[in-house]
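Chains as they are written, first to last, in my numbering: chain A, 1 to 193; chain B, 1 to 193. The C-beta atom is built at its ideal place from N, Cα and C for all residues, glycine as well.
Protein chains: 2
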Amino acid sequence: MNSLQRRILTDGDVLPGGILKVDSFLNHQVDVRLLRQMADDFYAAFQNTKIDKILTIEASGIAIACYVAERFDVPLVFAKKGRHKNVGNDVLTAEVFSFTKGTSYNVTVSRKYLQPGERVLVVDDFLANGQAVLGLKKILDEAGCELVGAAIAIEKAFQPGEKLLRDAGIDVKALAVIESMSDDGQIVFRDED
Amino acid sequence: MNSLQRRILTDGDVLPGGILKVDSFLNHQVDVRLLRQMADDFYAAFQNTKIDKILTIEASGIAIACYVAERFDVPLVFAKKGRHKNVGNDVLTAEVFSFTKGTSYNVTVSRKYLQPGERVLVVDDFLANGQAVLGLKKILDEAGCELVGAAIAIEKAFQPGEKLLRDAGIDVKALAVIESMSDDGQIVFRDED
């Protein structure tokens, strides 16, 4: 069991309806020492892959992605969310549907920070329906970059995201793959061994 | 001249109307090695102050604040922006007016992550009109925390933020204090010696 899995068991809160709150250490209050351990685990998972850049989406992906970028010694780019319609050739945009909110939002990246041929690792905190990563893939495709993988902190395996990403040819590695959560707070991780 | 000042001179873009773009290394593409150097500089500025927690606002403050939190070995909390009206006693909210956008937005922090008596250092990327820091101060006051200082990456000294914060009794330390920017791209830093 890795650092993130242990921390989820001790400090994660399971709410009815398949909601896992990790506010106390990951996406509101942040334990930066945990982030560094997670970056080591992501490095172990992708160390044989050539990576030129890390890409994430604001806001909650940024903290994790910083440490992953530092571990691989490459720049980080974070996509901006919910602003800027496509404003011409300088900006790459994708629409992302949020099942949680029932609405779509735009993610945008300046074209100059994604050069053709760059090999990009996408980092995000949660994988549920996979729409955010697919949006970033669309942007990377348009930029002529190669999406070399998706490094996810927490995956909800009971939602369709993982299959959608694998069907799109994306190498998905999640540190904590949750097979099931019961309303009484029981969390079952996928056994990766 | 510190690392951030040097980087602003080499890679910052001055646009007409007092706009400084630092997209290529600070708030879209991010050079995490620079962030670590900046954290060292903030540590030097505040090392004689007892600090229990770092507080910033999503999204662009998060990356810098991670490294400051790690340098002081304390947790980071980032305030959420533009969502959640005040939803009762569990959440602290302040309204922040954005002069850039001409509208207000809410910043919120869960009360449980700001305990009474905690000494909190606020971190942000830009100080211009000071409204974001004043909003965080209101939240900290309501939480019973002490705002021990504002660690700012880039301050525009030709805008009123610094005076407003100092008038509110806040200890402001900025790594790059810009006295003036001309439309032809000339940047003059305040001489701190």
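Looking at the DSSP output, K21(A) sits in a beta bridge with D13(A). Between the alpha carbons of S182(A) and L20(B) lies a distance of about 50 Å.
For C66(B), the neighbours in chain A by C-beta distance under 9 Å run, in chain order, V30, V32, L35, I62, A63, C66 and Y67.
L15(B) sits exposed, since fewer than 16 C-beta atoms from the chains shown fall within 10 Å of its C-beta.
At a Cβ-Cβ threshold of 8 Å, V120(A) and L134(A) do not count as neighbours. Within the segment 89–122 of chain A, contact with chain B at the beta-carbon level (separation under 9 Å) is assigned to V109, S110, K112 and Y113. Contacts between V77(A) and chain B, judged by CB atoms closer than 9 Å, involve H28, Q29 and V30 in chain order. Annotation: E142(A) has no Cβ neighbours in chain B at a cutoff of 8 Å; minimum Cβ distance is about 17 Å. Per DSSP, reduced to three states, the secondary structure at M1(B) is coil, with no helix or strand assignment. Here P116(B) is exposed: its Cβ has fewer than 16 other Cβ atoms, across all protein chains shown, within 10 Å.
Following the DSSP letters along the chain, one finds F97(B) inside the beta strand (DSSP E) bounded by residues V91 to S98.
When Cβ-Cβ separations below 8 Å define contact, A59(B) makes contact with chain A. Collapsing the DSSP output to three states places F189(A) in a strand. Judged by their CB atoms, A153(A) and I54(A) are not nearer to each other than the 8 Å cut-off.
Taking 8 Å as the cut-off, the Cβ atoms of L34(B) and S3(B) count as close. In the DSSP assignment, T103(A) forms a beta bridge with S98(A). Straight-line spacing of the CA atoms in D41(A) and Q47(A) works out to 10 Å. In this structure, the alpha-carbon of C145(B) lies about 28 Å from that of I8(A). Contact check for V109(A) and T56(A): beta-carbon distance about 11 Å, past the 8 Å limit, so the pair fails to qualify.
Beta-carbon to beta-carbon, Q29(B) and Y113(A) are separated by about 4 Å, close enough to satisfy the 8 Å threshold. Taking C-beta atoms under 8 Å as the contact rule, R111(A) and A143(A) qualify, at a distance of about 6 Å.
Here V188(B) is exposed. Its C-beta has fewer than 16 other C-beta atoms within 10 Å.
Around the beta carbon of K137(A), a 10 Å sphere encloses 16 or more other beta carbons of the protein chains shown; the residue is thus reported as buried. Following the DSSP letters along the chain, one finds A151(A) in no alpha helix (DSSP H) but inside the beta strand (DSSP E) bounded by residues E146 to K156. The beta carbon of D23(B) falls within 8 Å of a beta carbon belonging to chain A, placing the residue at that interface. Q186(B) and A174(B) have their alpha carbons spaced roughly 19 Å apart.
One finds V32 in chain A with Cβ atoms closer than 7 Å to the Cβ of E70(B), taken in chain order. When only Cα atoms are considered, I170(B) and K50(B) end up about 15 Å apart. Within the same chain, Cβ atoms closer than 7 Å to the Cβ of N129(B) are found at F99, Q159, P160 and G161, the five residues on either side in sequence being excluded. Note that the C-beta distance between E58(A) and K81(A) is below 8 Å. Taking C-alpha positions only, G149(B) is separated from L76(B) by approximately 15 Å.
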